[in-house]
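J.: Submitted below is the structure of interest, expressed as structure tokens.
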Amino acid sequence: MASIDTGGGDSGHKKGPGVKKAKKMSTRIDMTPMVDLGFLLITFFIFTTTMSSPSTMDLFMPKDTEKDEDQNKAKQSGALTILLAKDNTAYYYEGELAPDASNFKSVKFSELRQIIINKKKDVISRYVNDPKCVETKLTESKARGREKTRAEAEDECKQADMVVVIKPNKESTYKNTVDILDEMTINNIKRFALVNISPVEDELIAKTEGASGGQ
Amino acid sequence: MPSVKIPKKSTDVDMTPFVDVAFLILTFFIMATKFKPPEAAEITTPNSVSTELLPDNDAILVSVDSAGRVFFEMLVQASPQLKYDVISNMNTTRNLGLTQEEMTKFKNKVPAVGMPIAQLKSYLSMNEEEMKRVKMPGIPVNDSLGGELYFWIRDAISVMAGKKTNYLIKGDNNTKYPIFDQVLNAFKKNDIYKFNLVTTPEGVPANTDRDRLNKAILSQRK
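Residue numbers (the numbering used here), protein chains in the order written: chain A, 67 to 281; chain B, 15 to 236.
Below is the structure:
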């Protein structure tokens, strides 16, 4: 036990016959309750502490434009449209949706990353080397204050044609929306858009869901 | 045979180092803890690889819980008077008939509002205990303008003019997309296009482009 030593200061001093010898009390203190209390508090703080502070993810939305000519045109070859539906399912098509919906494919949400990676590889494989582009990107980023590395600039040039269009339907969850936006960061996709789903696509999803539900 | 005498040892253990360590840990946890402010609704945010930290001042926070209830909150610890300005503004434009006292109560005791404007008066006239018990139905957002949320955002922007304001959206994992879309709409109608989505951080998955870029940037700095 922890103790405070106070004895021995006046040893050898003889007291007179009339002086009563004071009873020597032990100065040891029982520390056990203090330890108990200490650990109780530790336990409390461990349970109440949250170590990770929340982070934030940037999202830029375009201004809604009525005019057609204001809208960004995407190259057919580099476009990938991802549709999010209920229960972590997703659908996608490359380029424009075929009239007979032959390029409309169903996929599990977790498999989307591979599709995005494949699409990016595909776009990059068609890239014609253009050293000027990299230089412009580098000088541009320098002028803006946040200098890019060469690897970043090169990647940006190679995927210049790529655009991912994300269309969550009304039964998809917010989690899936954030996750797919996060996939854009993970795979370093520079151009992507969060767009409202069109009735045609909505119908196709409903049809596919109906067909798979009947099996 | 001479008997071997085993010396009797004390069973007392010196607890001092143990106590020292215990209190050291205790001090650490007390210092590191930051208590969460009371929240109107339980919200589990999705994960993301983003590492940007959440700004906790000069921000407008719109939270959506899993049931689709929308809450509006102004994070203005540095100048709480702004909250009073918003409610008094709302009071005049909407003829709510709030008293000075009720508006002060809004400033001090209501962290996040989730009440339709029409029910604000009856909510603010309650005492604190009742206010805690009431389950707020959420701010209506379902029309082309973004519902009443539009007015909250508009008033908040006007009182926060001149400050660099962040617009935070905090959604639950199970929130349905249309509600989120309507919240975005309410912001867009106010000409705001840049948002911060509140997320829980997670690591970047290995062997992805971002992962490779991060490594390239790191090795270049070395």
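Here a beta-carbon is modelled for each residue, glycine too, at the ideal position from N, C-alpha and C.
8 angstroms is my cut-off, CB to CB: does residue 175/A come that close to chain B?
T.: Indexing the first sequence from 1 puts residue 175/A at position 109. Cβ-Cβ to chain B under 8 angstroms: no for residue 175/A.
J.: For residue 103/B versus residue 173/B, is the C-beta distance shorter than 8 angstroms?
T.: As a first step, residue 103/B must be located in the second sequence, where it is residue number 89. As a first step, residue 173/B must be located in the second sequence, where it is residue number 159. It is a contact, given that the beta carbons lie within the stated cut-off.
J.: Would you say residue 40/B and residue 108/A are within 8 angstroms of each other, going by their C-beta atoms?
T.: Walking along the second sequence from the start, residue 40/B turns up at place 26. Walking along the first sequence from the start, residue 108/A turns up at place 42. It is a contact, given that the beta carbons lie within the stated cut-off.
J.: Residues of chain A with a CB under 8 angstroms from the CB of residue 66/B: which are they?
T.: Translated into positions along the second sequence, residue 66/B becomes position 52. The contacting residues are 121, 122, 123, 124.
J.: Write down the C-beta distance between residue 153/B and residue 127/B rounded to the nearest angstrom, noting that I regard them as a contact closer than 8 angstroms.
T.: Walking along the second sequence from the start, residue 153/B turns up at place 139. Walking along the second sequence from the start, residue 127/B turns up at place 113. Right, the Cβ-Cβ distance comes to about 7 angstroms (below 8 angstroms), so this counts as a contact.
J.: For residue 87/B, which three-state DSSP category applies?
T.: Your numbering for residue 87/B matches position 73 in the second sequence. Residue state, collapsed to three classes: strand.
J.: Ordered along the chain, which non-local residues of its own chain (more than five positions away) have a Cβ less than 8 angstroms from that of residue 209/B?
T.: Residue 209/B sits at position 195 when you count from the first residue of the second sequence. Counting only Cβ-Cβ distances below 8 angstroms, and skipping sequence neighbours, we find 181, 182, 183, 198, 201.
J.: I need the boundaries of the alpha helix (DSSP H) containing residue 250/A, first residue and last residue.
T.: Locating residue 250/A in the first sequence gives position 184, where the first residue counts as 1. Taken as a continuous stretch (DSSP letters only), the alpha helix (DSSP H) holding residue 250/A covers 240-252.
J.: Smallest Cα separation from residue 177/A: which of 142/A, 155/A, 164/A, 215/A?
T.: Along the first sequence, one-based indexing puts residue 177/A at 111. Looking only at 142/A, 155/A, 164/A, 215/A, the smallest Cα-Cα distance to residue 177/A is reached by 155/A.
J.: Is the beta carbon of residue 135/B less than 8 angstroms from the beta carbon of residue 120/B?
T.: Counting from 1 along the second sequence, the entry for residue 135/B is found at position 121. Counting from 1 along the second sequence, the entry for residue 120/B is found at position 106. Judged by their CB atoms, residue 135/B and residue 120/B are not nearer to each other than the 8 angstroms cut-off.
J.: Is DSSP giving residue 205/B helix, strand or coil here?
T.: Taking the first residue of the second sequence as position 1, residue 205/B is located at position 191. Residue state for residue 205/B is assigned as coil, using DSSP reduced to three classes.
J.: Of the residues that make up the region 21-41 of chain B, which ones have a beta carbon closer than 9 angstroms to any beta carbon in chain A?
T.: Correct list: 26, 27, 28, 29, 30, 32, 33, 36, 37, 39, 40.
J.: Residues of chain A with CB closer than 8 angstroms to the CB of residue 79/B, please, in chain order.
T.: By one-based count along the second sequence, residue 79/B stands at place 65. Per Cβ cutoff of 8 angstroms: no residues; residue 79/B is ~11 angstroms from chain A at best.
J.: Going straight from the alpha carbon of residue 192/A to that of residue 78/B, what length do you get?
T.: Position 126 of the first sequence, counted from the start, is the residue given in the question as residue 192/A. Position 64 of the second sequence, counted from the start, is the residue given in the question as residue 78/B. One C-alpha to the other measures close to 43 angstroms.
J.: Return the chain-ordered ranges of every alpha helix (DSSP H) run that is complete within the region 139-207 of chain A and spans a minimum of 4 residues.
T.: 178-191
J.: Going along chain B in order, which residues have a C-beta closer than 7 angstroms to the C-beta of residue 234/A?
T.: In the first sequence, counting from the first residue as 1, residue 234/A sits at position 168. Going along chain B in sequence order, the residues near residue 234/A (Cβ under 7 angstroms) are 191.
J.: Per DSSP, what kind of secondary structure is residue 265/A in: helix, strand or coil?
T.: As a first step, residue 265/A is located in the first sequence; it is residue number 199 there, counting from the start. Helix, per DSSP.
J.: Listing by chain order, which chain B residues have their CB less than 7 angstroms from the CB of residue 218/A?
T.: Working through the first sequence from its first residue, we reach residue 218/A at position 152. Those are 227, listed as they occur along chain B.
J.: Using a Cβ-Cβ cut-off of 7 angstroms (strictly less than) and excluding sequence neighbours within five positions of residue 220/A, which residues of its own chain qualify?
T.: The sequence position of residue 220/A within the first sequence is 154, counting from 1. Cβ neighbours of residue 220/A beyond the five flanking positions: 200.
J.: Report, in whole angstroms, the separation of the C-beta atoms of residue 120/A and residue 59/B, which I expect to be a contact under 8 angstroms.
T.: As a position in the first sequence, residue 120/A is number 54, starting the count at 1. As a position in the second sequence, residue 59/B is number 45, starting the count at 1. The pair is a contact, with the Cβ atoms about 6 angstroms apart (cut-off 8 angstroms).
J.: Hey, how far is the Cα of residue 228/B from the Cα of residue 24/B?
T.: By one-based count along the second sequence, residue 228/B stands at place 214. By one-based count along the second sequence, residue 24/B stands at place 10. Computed Cα separation, rounded: 60 angstroms.
J.: List the residues of chain A whose Cβ lies closer than 7 angstroms to the Cβ of residue 222/B, in chain order.
T.: Sequence index remark: in the second sequence, residue 222/B carries index 208 (1-based). Residues of chain A passing the Cβ test: 252, 253.
J.: Mark residue 67/B as exposed unless 16 or more other C-beta atoms lie within 10 angstroms of its C-beta, in which case mark it buried.
T.: For the purposes of this step, residue 67/B is taken as residue 53 along the second sequence, with counting starting at 1. Burial call: exposed.
J.: From residue 205/B to residue 130/B, what distance separates their C-alpha atoms?
T.: Numbered from 1 along the second sequence, position 191 holds the residue referred to as residue 205/B. Numbered from 1 along the second sequence, position 116 holds the residue referred to as residue 130/B. Cα-Cα distance, rounded: 23 angstroms.
J.: Among 232/A, 235/A, 241/A, 254/A, which residue has its Cα nearest to the Cα of residue 223/A?
T.: Here residue 223/A refers to the residue found at position 157 of the first sequence. Here the closest residue by C-alpha is 254/A.
J.: Does the beta carbon of residue 166/A come closer than 8 angstroms to any beta carbon on chain B?
T.: If you number the first sequence from 1, residue 166/A lands on position 100. Judged by the 8 angstroms Cβ criterion, residue 166/A is not in contact with chain B.
J.: My guess is that residue 241/A and residue 122/B are in contact by the Cβ rule of under 8 angstroms, so how many angstroms apart are they, rounded?
T.: The residue given as residue 241/A occupies position 175 in the first sequence. The residue given as residue 122/B occupies position 108 in the second sequence. Your pair residue 241/A and residue 122/B does not check out as a contact, with CB atoms roughly 34 angstroms apart and the cut at 8 angstroms.
J.: Interface residues of chain A around residue 194/B at Cβ under 8 angstroms?
T.: The count along the second sequence starts at 1 and reaches residue 194/B at position 180. Simply 240, 243.
J.: So, is the C-beta of residue 248/A closer than 8 angstroms to a C-beta in chain B?
T.: The sequence position of residue 248/A within the first sequence is 182, counting from 1. Residue 248/A belongs to the set of residues whose beta carbon lies under 8 angstroms from a beta carbon in chain B.
J.: Evaluate residue 44/B with the Cβ neighbour count: other Cβ atoms within 10 Å of its Cβ, from every protein chain shown; 16 or more gives buried, anything less gives exposed.
T.: The residue you call residue 44/B lines up with position 30 of the second sequence. By the 10 Å Cβ count, residue 44/B comes out exposed.
J.: Starting from residue 94/B, follow its DSSP beta bridges and name the residues at the other end.
T.: Here residue 94/B is taken as the residue at index 80 of the second sequence, counted from 1. None; residue 94/B has no bridge partner.
J.: At which residue ranges does the region 60-143 of chain B contain complete beta strand (DSSP E) runs of 3 or more residues, listed in the order of the chain?
T.: 73-78, 84-89
J.: Pull up the DSSP beta-bridge partners for residue 215/B, would you.
T.: As a working mapping, residue 215/B is identified with position 201 in the second sequence. BP columns for residue 215/B point to 62/B.
J.: Suppose you measure from the CA of residue 148/A to the CA of residue 234/B; what does that come to, to the nearest Å?
T.: Here residue 148/A is taken as the residue at index 82 of the first sequence, counted from 1. Here residue 234/B is taken as the residue at index 220 of the second sequence, counted from 1. Distance between the alpha carbons of residue 148/A and residue 234/B is about 35 angstroms.
J.: Is it buried or exposed, residue 276/A, if we count other Cβ atoms within 10 angstroms and call 16 or more buried?
T.: Residue 276/A sits at position 210 when you count from the first residue of the first sequence. Around the Cβ of residue 276/A, a 10 Å sphere holds fewer than 16 other Cβ atoms; the residue is exposed.
J.: Rounded to whole angstroms, what's the CA-CA distance from residue 205/A to residue 247/A? Just pull it up for me.
T.: In the first sequence, counting from the first residue as 1, residue 205/A sits at position 139. In the first sequence, counting from the first residue as 1, residue 247/A sits at position 181. Approximately 28 angstroms, taken between the alpha carbons.
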